[in-house]
Every structure is written in C-alpha cells, then in structure tokens.
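Here the structure is laid out as structure tokens; the discussion comes afterwards.
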Amino acid sequence: MTRYWAGRILQSVPLLFFVSVVVFGVMRLAPGDPSTLLADPAYLNEAQRADLHRSLGLDDPLPVQYLRTMGGLVSGALLSFRTGQPTTEMLANALPVTAAVALLGMALAAALGLVAGSAAARHPGGRLDRALGLAMAGAIAFPSFVLALFLLRIFAEGLHLLPASGVRPLGATGFDPLASLPYLVLPVIVTAFPLSAVLARYTRDAVREALDEDYVRTARGKGLAPPTVMRRHVLRNALVAVVSVIGTITPLLLGGSVIVESLFGLPGVGRITVAAALQRDYPVVMTTALFSAVLVVLANLVTDFVYGLVDPRIRLA
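Here it is, written out as structure tokens:
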C-alpha cells in the first residue's frame, strides 16, 4: 500500500514540472514588460527602466530565471514584483476565501446532484426524468457569468437581501467564513449550479445501472423495503462512479473561481491570479498555477482513497 501511494506521488512530479515550464514560458512570451507596467514610463527614462528591469532579474538567461523562481517558491522567498510581498503569504491570505466557496459549492452540488439524479433514475422516461434531464442540460449550458449577473440583479440590487460583492472586512483574525456567509451565498450558488447538473447526470446513469443489477433484484425478492434497498445497495454502488466524477471536476472548480471571484469581488486565489497575469507579476502567477496543479494531483489521490472506502471490493496491491 505504501509503495503504491509513493509511486502515485512520484508520478505527479513530471506533471508539476511540465506545468511550471509551460506557465513560465507562456508568461515570458506574453506581450508586456513588468518593468514598464510597474512604473509609469512618463516618469522613467530609458536608463531607469533598464535598471528596474535588471533589478527584477529579467536580464538573466531564462534557465537562470526559472531556477531562481522555483528555488524561491520552494523556500518561500519568492516575492511579488508589484507588492514585494512573499507570494506564499499572498496565497495564504487568498486561499480561505477560495476554499470556502469551493467546498460549500461542492457540498451543495453533491447534495443537489445526488437527490436529482436518484429521483430521475427511479422514474426512467417519466415526466420527472424528462424534466430533470432538460434542467440538467440547461444548467450545464447556461453561462455562469450570466447566472451571476442575474442573481445579483434580483437578490442584491432588487430585493437587497444579500450583499453584491466582497466579504466581511478582514481584520486581525483574518477571513471569517461564518461572518462572511451572506457574502458567500450567491458565489456558492453560481459555483454549484453547473456542477450539480454534471453530478446529477452521472448519478442518474449510475443509479439506473445499479437498479438493473441482480443483487438489487435479490434484495427486493427478500422483502427489503425500497428505501433500504436504495440506501444499502443501490446508492452505495452508484457512489463509486459519482466519486470519480467529483475528482475530475476539481479543475472546473479552480477555473470557475476566476469568474466567480472576479464577478463578486472576492479576494481569492482566482482574482489575484487574474490581476497578476494582467500586471505580468510572474512570481504570483507561478505560485498560484503550481498550487492549482498540486490541488488537482491531491484531488486525484483523495479520489482513489475514497474509492476504496466506498467500494470495499477495491483493493490496492
């Protein structure tokens, strides 16, 4: 077992290296010079701009810049071009907001997806199945930013029930999810909306397949109540397929955070990544990109682990 997990972790090293090289290369190929964006050219002559460019280490060969960036990232000494703040500190400050929205959104999506998918599977071809199928397709196709603007218009500007943007002001104690809950309601709904449709569709197919299995017919033949059959036999086996889907949609959560945090003014990882990319703040972009890659790897490892818990038949040699 230990050898298996060690092997899985080692397999992720080439992926992380590839991501770091690609992000480093793309940022260097993007138009725009950080030294120009950091200071108004009207107040800097060419010599001063060259000195600033050199002080940022941008005159060094690209391999040297890459190694210095990765070394600083590992040691925690990598600094933002714009603020001079350690990038790991910036990430740590932004992470609680992103984590709160992502976890709450995933929990809401899982609850809605399991309930809707199970209900549709028990009535195949019926009105409920067709209605839920149409709703699932619409939720997947509906743009998240349109939904966000729609909810803002109704609940923030129209009814004034929820705040439109931001979170509760950060104090000495940092981000407080409970105090900021009213600010997170709309972002969580926007995050969960498309994910719940994906999970509902996979749940429907998995439950429908499990209902046709021989062991379910046997359980029914023994006189077990339908709720017991559904809970003990159908859902437990259907969850195996659903768990794998949850692992694969983790990148969607990370990508969606960029849109959600930008629209709702949340000081999260997605928002600082967009700001850093526009400002050519290479160290911040490298930090957030590699952190996202590590999260995807960890999500896959956790999915494998939960797989074994949900389905005891799965054994890792």
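Just so you know, the sequence shown maps onto residues 827 to 1143 in this note's numbering. By construction, the Cβ of each residue, glycine as well, lies at the ideal position given by its N, Cα and C atoms. Quantities reported herein were computed from a predicted structural model and do not represent experimental measurements.
CB-CB length for residue i against residue j, believed under 8 Å
{"i": "A1119", "j": "V845", "result": "4 Å"}
{"i": "L1121", "j": "V927", "result": "About 14 Å separates the two Cβ atoms, so there is no contact after all."}
{"i": "V1071", "j": "V1024", "result": "7 Å"}
{"i": "S1022", "j": "F1090", "result": "19 Å between Cβ atoms; not a contact."}
Rounded straight-line distance, which links the Cα of residue j to that of residue i
{"i": "L1150", "j": "E872", "result": "Examination of residue 1150 is not possible in this model, given that the chain is present from 827 through 1143 alone."}
{"i": "L975", "j": "A982", "result": "10 Å"}
{"i": "R1027", "j": "L938", "result": "11 Å"}
{"i": "V1095", "j": "P1052", "result": "45 Å"}
{"i": "I980", "j": "R1062", "result": "39 Å"}
{"i": "L1127", "j": "L884", "result": "37 Å"}
{"i": "S838", "j": "V1132", "result": "19 Å"}
{"i": "R1058", "j": "L954", "result": "24 Å"}
{"i": "V1066", "j": "A965", "result": "24 Å"}
{"i": "P1003", "j": "G1047", "result": "49 Å"}
{"i": "L960", "j": "T914", "result": "44 Å"}
{"i": "T1130", "j": "W831", "result": "The sequence given here places Asp at residue 1130; Thr does not occur at that position. So the two alpha carbons sit approximately 10 Å from each other."}
{"i": "Q1175", "j": "L864", "result": "Absent from the model: residue 1175. The displayed extent of the chain is 827 to 1143, so no value can be given."}
{"i": "A920", "j": "G951", "result": "46 Å"}
Buried or exposed by the 16-neighbour rule on C-beta atoms within 10 Å, applied to residue i
{"i": "E1039", "result": "exposed"}
{"i": "L1107", "result": "Looking at the sequence provided, one finds Asp at residue 1107 rather than Leu. Answer is buried; the Cβ neighbour count reaches 16."}
{"i": "R1043", "result": "exposed"}
{"i": "V1153", "result": "Because the chain in this structure spans residues 827 to 1143, residue 1153 falls outside the shown range and cannot be described."}
{"i": "S861", "result": "buried"}
{"i": "S1006", "result": "buried"}
{"i": "S881", "result": "exposed"}
{"i": "Y1041", "result": "exposed"}
{"i": "I835", "result": "exposed"}
{"i": "L987", "result": "exposed"}
{"i": "P1020", "result": "buried"}
{"i": "G828", "result": "Just to set this straight, residue 828 is Thr in the shown sequence, not Gly. T828 should be labelled exposed."}
{"i": "F850", "result": "buried"}
{"i": "L978", "result": "buried"}
{"i": "R1097", "result": "buried"}
{"i": "T895", "result": "buried"}
{"i": "V941", "result": "exposed"}
Tell me the start and end of each unbroken alpha helix (DSSP H) in the stretch 1078-1106 that is at least 4 residues and wholly inside, in chain order.
-> If we require 4 residues or more, the alpha helix (DSSP H) runs fully inside the stretch 1078-1106 come out as 1095-1104.
When the Cβ atoms of the stretch 1012-1024 are set against those of the stretch 929-937, are three or more pairs found closer than 8 Å?
-> The stretch 1012-1024 is in contact with the stretch 929-937.
May I have a chain-ordered list of the alpha helix (DSSP H) segments no shorter than 4 residues that lie completely inside the stretch 888-950?
-> As far as the stretch 888-950 is concerned, its whole alpha helix (DSSP H) runs of at least 4 residues are 888-901 and 913-947.
Please confirm if the stretch 1098-1114 is in contact with the stretch 901-908, defined as three or more CB-CB distances below 8 Å between the two stretches.
-> Result yes; three or more Cβ-Cβ pairs closer than 8 Å.
Does the count of Cβ pairs from the stretch 943-952 and the stretch 1018-1037 closer than 8 Å reach three?
-> The stretch 943-952 is in contact with the stretch 1018-1037.
Is there contact between the stretch 1080-1088 and the stretch 964-972, where contact requires at least three CB pairs shorter than 8 Å?
-> Touching, per the Cβ criterion.
Go through the stretch 1034-1073 residue by residue and report every complete run of the alpha helix (DSSP H) that reaches 4 residues or more, in order.
-> Complete alpha helix (DSSP H) runs here, min 4: 1040-1047 and 1052-1055.
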